[in-house]
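Undergrad:
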Amino acid sequence: MYEIRSAGPKGLGVFAKSLIPRGTRIFSERPLLSLRPDQSASDIYTLSRLLAPKDRQKLLSLSSHITTSLTFLRWNQALFYTLKSLFKNFPFLLPRYCHFEPHRPGIFQSRNSLREHVAILSIFRSNAFQLATKEIYQAVFPGISRINHDCVPNAQGNWSEGLGRFNVHATRDIRRDEEVSLSYLGDVAALRDARWGKLKDGYGFECGCEACDLGSDVGRKGERRREETRLLLGEYAESVGNGGEKCVEKELETMVKFIGMLEAEGITGREVASM
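In the working numbering, the protein residues as written are 3 to 277.
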């Protein structure tokens, strides 16, 4: 049904080997590595060390988007983890190692281990899905995490609490050799610069999809539709927020226009179904 291969500057991606009809389940996977709501980024490396060697290798094979600032942050996090682990396991060393000796064996992570720590933090940051369930806050998946972002995706992911799996379905027919895509963002009406900001902060890259290309007619028209929709939604919210009477007709008109924008952009799935 699909294959994982080069997607140019995006690294690897998932591509249809044949026509994937709308509604087809493309993936159904359990998490490779996940964080509970009561855990944080400082637990990621510890959890990764509990993985079976085969699963750990799958994790390390995933791509990550690295910037200079993110690299600096990851090294700081890795070094902080090392120091925290040191003084947690060897509290008697605290006064002595205020002037620590990093060359002493068995105390600090090796440089290679620190590199791996940084790599795992970057991989998790670039590939984790926000599930925000009672049991799982964020999770990385072996195959689904290969699916790249598009602001107008052709697939959608949903977490099944009962199955304990993340399922990805095609929201429209996906042609042979077309890349399967998901949206990493929640606000489908966000303007290009806002989307770029969230993607840069959250995943370390800027999107180059058709909707983000404001040099094209498609991109410019889409941006205008989003601007008009945001203005419409803002006016309606302001009216209700200022004590204006909630008018069913006005609400219906607003929702119909919002759905029109989604359909004109080619956005389908829960965004339209939940209106």
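Just so you know, even glycine gets a beta-carbon here, dropped at the ideal spot from N, CA and C.
Every value quoted in this text rests on a predicted model; they were computed, and no experiment measured them.
Taking C-alpha atoms, which residue in 58, 10, 239, 158 lies nearest to residue 126?
TA: Cα-wise, what sits closest to residue 126 is 58.
Undergrad: In three-state DSSP terms, what is residue 156?
TA: Residue state, collapsed to three classes: coil.
Undergrad: With DSSP collapsed to three states, give me the class of residue 27.
TA: Strand at residue 27.
Undergrad: Looking at the unbroken alpha helix (DSSP H) that takes in residue 197, where does it start and where does it end?
TA: Element bounds for residue 197: 194-205.
Undergrad: Mark residue 23 as exposed unless 16 or more other C-beta atoms lie within 10 angstroms of its C-beta, in which case mark it buried.
TA: Per the 10 Å Cβ criterion, exposed.
Undergrad: If we count the other Cβ atoms within 10 Å of its Cβ and call it buried at 16 or more, is residue 249 buried or exposed?
TA: By the 10 Å Cβ count, residue 249 comes out exposed.
Undergrad: How do the segment 126-145 and the segment 163-176 stand: do at least 3 beta-carbon pairs fall below 8 Å, yes or no?
TA: With a cut-off of 8 Å, the segment 163-176 and the segment 126-145 count as touching, because enough Cβ pairs lie within range.
Undergrad: Looking only at its own chain, which residues have a Cβ that is under 6 Å from the Cβ of residue 147, when we skip the five neighbours before and after it?
TA: The residues are 64, 129.
Undergrad: Is residue 260 helix, strand or coil when you go by DSSP?
TA: Residue 260 falls in the helix class under three-state DSSP.
Undergrad: State the DSSP-derived secondary structure class of residue 41, mapped to helix, strand or coil.
TA: Here residue 41 sits in coil by DSSP.
Undergrad: Can you tell me which residues form a DSSP beta bridge with residue 131?
TA: DSSP, once it has assigned bridges, lists 141 as partnering residue 131.
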